[in-house]
Structures are given as structure tokens and as C-alpha cells.
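Numbering (full-length UniProt numbering), first residue to last: 1 to 154.
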């Protein structure tokens with residue numbers, strides 16, 4: 001199968017999801033030429049802002065493979081993955097993703113997406129959502145506990 005075949009599948013999932021009352025997004029995850037997961041955006045059903053097609057697909061692929069690492073997997077998405085989905089793909093080890101429609105095309109049809117990319121490129125103080133670093137000293141630092149847990153025993 002080709003990239004185009006998987007992208008057409010993601011687009012068909014998105015189209016069918018719209019007809020079923022959902023949002024126009026679909027995603028397919030492929031590994032070693034085999035389709036592992038086909039998913040759609042579920043936010044209309046679950047009222048969960050993180051239930052994007054790519055996130056649903058990543059969660060299911062992780063469950064199927066028994067790992068949070070999805071090395072060797074390729075994501076095919078109907079639309080450009082939003083920053084959350086893009087970051088989740090990176091965090092899961094996915095190194096390739098392809099999409100059929102741009103964020104600008106989505107925005108032209110009344111969907112929010114293109115502006116978020118520009119906002120996130122601004123310094124934190126200039127973004128519309130307040131995000132600020134407020135250091136806290138703690139007796140037990142969680143990052144140190146993680147590092148110590150992950151270090152091999154002597």
C-alpha cells in the first residue's frame with residue numbers, strides 16, 4: 001500500500017465521521033506495512049478536547065503494542081495534526097506523519113487550527129493563554145526520584 005492509499009483511508013474515515021455527527025478528522029497508524037489502527041475524532045461524543053483522531057489512534061496503538069513507544073509507526077491523518085497531536089506523536093517515538101489537508105484549509109471551512117500554530121511560536125508572555133514558570137522548592141523533587149528509579153543499581 002502507498003502513502004496515498006492510507007491518506008485516502010484517513011480522509012474516508014473523516015468524511016464518515018462527519019456523516020455520523022462527528023468532526024472531520026480521521027487517522028490511520030501503520031507499522032511495517034500493516035494497518036494497526038484506524039480512528040476518528042471523538043470529541044463530539046466524549047466532550048473530551050483531547051479525543052482527536054491522532055490521539056485516539058496513538059492510545060489504541062500503544063495498547064495493542066503494549067508500549068508507549070511507537071517506533072517504526074507512521075501516522076496518516078486527514079488534516080494537519082494540531083500541536084497537541086504533533087507533540088504526542090513525537091513523545092511516542094513516531095518519526096513519520098503525512099496529512100491530506102492543511103490547517104489553513106480547515107480554518108477556511110470554519111475549523112480552528114491555523115492560528116494556534118502561530119500563537120505557540122510567540123514568547124509565553126505574548127500568548128493568549130497565560131503560562132508562567134513559578135519555581136517551587138520541594139524536599140523531594142519528582143524528577144530526581146524518576147532519575148534515581150531509572151538508574152541501574154550499583
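We treat Cβ as the ideally placed atom computed from N, Cα and C, and that holds for glycine.
As the structure is a prediction and not an experimental result, all values here were calculated from the model.
query: Cα-Cα separation, residue 94 to residue 63; result: 15 Å
query: Buried/exposed call for residue 136, threshold 16 Cβ in 10 Å; result: exposed
query: Burial state of residue 55 (16 or more Cβ within 10 Å); result: buried
query: Under 9 Å between C-beta atoms of residue 88 and residue 58; result: yes
query: Residue range of the unbroken beta strand (DSSP E) whose run includes residue 29; result: 26-31
query: Residue 39 vs residue 20 beta-carbon contact at 9 Å; result: no
query: For residue 7, the nearest candidate out of 79, 119, 150 and 24 (CA to CA); result: 79
query: Nearest residue (CA-CA) to residue 13, options 83, 32, 140 and 100; result: 100
query: Residue 148, buried or exposed, once every other Cβ within 10 Å from all chains shown has been counted against 16; result: exposed
query: C-beta contact flag for residue 10 and residue 77 at 9 Å; result: yes
query: Boundaries of the beta strand (DSSP E) in which residue 74 is found, first to last residue; result: 73-79
query: For residue 104, the nearest candidate out of 98, 118 and 33 (CA to CA); result: 118
query: DSSP state of residue 70 mapped onto helix, strand, coil; result: coil
query: Residue 121 to residue 138 span [Cα, whole Å]; result: 31 Å
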